[in-house]
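Per mature numbering (1 follows the signal peptide of the UniProt record, and there is no 0): the sequence shown = residues -20 to -1, 1 to 324. Ideal Cβ positions, reconstructed from N, Cα and C, are used throughout, including at glycine. First comes the structure, then the notes that go with it.
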Amino acid sequence: MARPYICLLALAAMLLLGVATISRSRGLRDKAHQSAPRIPSQFSQEERVAMKEALKVFPTVFKTSFIRHEVVGEYSHLFTVHGSDPSLQPYMLLAHIDVVPAPDEGWDVPFSGLERDGFIYGRGTIDNKNSLMGILQSLELLLIRNYIPRRSFFIALGHDEEVMGVNGAQKISALLQARGVQLAFIVDEGSFIFDGFIPGLKNPFAMVSVSEKGLINLMLQVNTTPGHSSAPPKETSIGILAAAVNRLEQTPMPNMFGDGPTKMALQELANEFSFPTNLFLSNMWLFRPLVSRLMERNFVTNALVRTTTALTMFNSGIKVNVIPAVAQAIVNFRIHPAQTVQEV
């Protein structure tokens, strides 16, 4: 049973990589394109200038008459590419400029854009400045070849995706809604092409991401009477809350394997594996309970089959000899596509 389980674990890690930040990527390797990873995640006037300079790499995009460029929320960018047939419903391509904040220590070259062994190293080279540069580079090359699209489309580049997109994506959305824009579809960041990543899978393959987890953060709070550590009560705010979050961790959300795209992805890959993995994955009608239990055995694969519960913050107390009146905990739920916030 070990071999199929290793394959499932690697597949799950690959699926989860679609939302992870990785600091190296094959991609556009000239020095101009390497400027993108040098833009940090916390924006200021200096970074605004840096972004403008980086965008000068695409001069044809900015001088083409049927392309409109707007700055939204000070740092986000919206391009409207007008097509020749206005009767066709437009679509939108998305990417984001920002990355999760990085501390100064623990990194070789977090914002340098250094090329090493055919890779560009830098924050955002996979999440998600690679998409940003790829979209604009593709459009630049097409325009040089006198390309005029039939269908209009938008390119939206947000600057605060990692912090919920309030000043970027939400303002772009509000702007387009105010203009009465209705989109045919949206293409956002997704997974990658994997080669040699999955044990037993010889051919490279691309994963098409069609859904993603939502999230909700809940604060749990316990209020009690404060006191002194020399005469503690039977229960304290910290003890009560600690017991509660422990019960929460020990009571996971239901296993939803089969109610999302994960089962279909495994079935599509079944014939690429050797025996016995191909037998399990191609006969889910029989082996679904077994595969479901295997997925639960590791925290990586477990995250694919259910809403996850993660205690991320616990705050209480101001002094070692004082019984605190208040204890607070923040719980982060990553909601399975088959569940709703209300169900969680």
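Own chain, CB closer than 7 Å to residue i, minus 5 neighbours either side, in chain order
i: N226; result: none
i: P234; result: R286
i: A224; result: L200
i: P232; result: R286 and T289
Residues near residue i by beta carbon distance below 6 Å, same chain, minus five either side
i: L73; result: I115, I135 and V167
i: I218; result: S296 and A307
i: P304; result: S217, S296 and G297
i: G53; result: N147, G148 and K151
i: T242; result: L284
i: L68; result: R131
i: V321; result: I196
Opening and closing residue of the beta strand (DSSP E) in which residue i lies
i: L198; result: G194 to N203
i: E50; result: I47 to V52
i: Q117; result: Run containing Q117: none in the beta strand (DSSP E); it sits in the alpha helix (DSSP H), K109 to I124.
i: F99; result: F99 to Y101
i: F59; result: S56 to V61
Buried versus exposed, by CB contacts within 10 Å (16 or more), residue i
i: T257; result: buried
i: V146; result: exposed
i: S210; result: exposed
i: I196; result: exposed
i: residue 332; result: Nothing about residue 332 can be read from this structure; the chain reaches only from -20 to 324.
i: H49; result: exposed
i: E323; result: exposed
i: G102; result: buried
i: H316; result: buried
i: H139; result: buried
i: E141; result: buried
i: Y55; result: buried
i: P70; result: buried
i: M275; result: buried
i: G176; result: exposed
i: F59; result: buried
i: Q319; result: buried
i: V202; result: buried
i: G160; result: exposed
i: G98; result: exposed
i: L270; result: exposed
Bounding residues of the alpha helix (DSSP H) (the contiguous stretch that carries residue i)
i: M244; result: P241 to L249
i: T40; result: P39 to K43
i: I218; result: S217 to E229
i: T320; result: Careful: T320 lies outside any alpha helix (DSSP H) and carries neither H nor E.
i: F237; result: Note, F237: premise wrong, no alpha helix (DSSP H); not H, not E.
i: F133; result: Run containing F133: none in the alpha helix (DSSP H); it sits in the beta strand (DSSP E), F133 to G138.
i: S153; result: A149 to A158
i: A75; result: No alpha helix (DSSP H) contains A75, which is instead part of the beta strand (DSSP E) from Y71 to H76.
i: T281; result: F279 to V285
Close-in-space but distant-in-sequence residues of the same chain around residue i (CB under 8 Å, 5 per side omitted)
i: G238; result: M264, R268 and S272
i: G7; result: Interpretation of G7 is limited by its pLDDT of 41, a score under 50 that renders its predicted location unreliable; the figure taken from the coordinates is listed afterwards. Correct list, in chain order: H13, I100, T105, N110, M113 and G114.
i: E215; result: T204
i: G170; result: G(-3), M187, V188 and S189
i: I173; result: P184, F185 and A186
Residue i at chain B interface by Cβ criterion, 7 Å
i: D107; result: Among the chains of the structure shown, chain B does not appear; only one protein chain is present.
Opposing strand residues paired with residue i [DSSP bridges]
i: M264; result: Paired residues: none, contrary to the question.
i: A309; result: L200 and F294
i: R273; result: DSSP output for R273 lists no bridge partner at all.
i: F174; result: F185
i: I106; result: Answer is none; I106 lacks a bridge partner.
i: R96; result: F99
i: T289; result: F313
i: I303; result: G207
i: I166; result: M72
Any non-hydrogen atom of the ligand FAD closer than 6 Å to residue i Cβ
i: E141; result: The ligand content of the structure shown is nil, which means the ligand FAD is not present either.
Please confirm if the region 75 to 83 is in contact with the region 105 to 120, defined as three or more CB-CB distances below 8 Å between the two stretches.
-> yes
Are three or more beta carbon pairs between the region 166 to 184 and the region 240 to 259 nearer than 8 Å?
-> Cβ pair count under 8 Å is three or more, so yes.
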